[in-house]
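Note that our numbering gives residue 169 to position 73 of the sequence shown, counting from 1, and the numbers run on in steps of one.
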Amino acid sequence: MVRDIRISGTGQLLDLAGRLRRAGHENIRQSYTRRIRRAAEPLKNDLQDTIRSMPLTSSGRKGRGGPSPTTRPFRASMADAVRLSVRTTGDPGAKVWIDRSRLPSDITPGVLNQINDTGRLRHPVYGNKRRWASQFGGRGFWDKTVQSHRSRITREVERVVDDVRRRIE
């Protein structure tokens, strides 16, 4: 069960963060952060696109349904909740996650884990918590998307770390 993905070379990044702090090079730190963000941004965008285009099939009765009575469809809500953050201090690295505070109240964290692990998504029918429906879709979409970007991001972060290390030595 994947709740978030962190791509970091913790040893190198921790060492570099300490050196940057001691050197006091604020413009180098900003450049470093911007370049790591730029390396991770395609992953975030790809996760959002994958969520938006994910086919969902229902296990319920056919012929019922129609347009969503809510203002934002489920997939768009989930895609918009994907976030990216970059830290250069403490626990340095890039983190891509689904921000639960940006989701509608009827989508719970357990729902997100279920669709990732089993492909099943349970949710209340039009917000009615006494009536639940199951849908099936992109099993393991998060892990597959992250794996497709992992080597590229790792190479980019290593390149950034080497460039910054050369500039402060």
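Cβ coordinates follow ideal geometry from the N, Cα and C atoms, glycine included.
Given the structure is predicted, the values throughout are model-derived calculations rather than measurements.
- In terms of Cβ geometry, Gly236 and Leu217 do not form a close pair [threshold 8 Å].
- With fewer than 16 other CB atoms across the displayed protein chains lying within 10 angstroms of its CB, Arg255 is exposed.
- Under the DSSP assignment, Ala177 falls outside any alpha helix (DSSP H); it carries neither an H nor an E label.
- In the three-state reduction of the DSSP assignment, Arg227 falls in the strand class.
- Distance check between Arg130 and each of Ile264, Val257 and Arg262 places Val257 closest, using alpha-carbon atoms only.
- Per DSSP, reduced to three states, the secondary structure at Ser197 is helical.
- Approximately 19 Å separates the beta-carbon atoms of Leu143 and Gln231; this is outside 8 Å, ruling out the contact.
- Around the beta-carbon of Pro138, fewer than 16 other beta-carbon atoms lie within 10 Å, marking it exposed.
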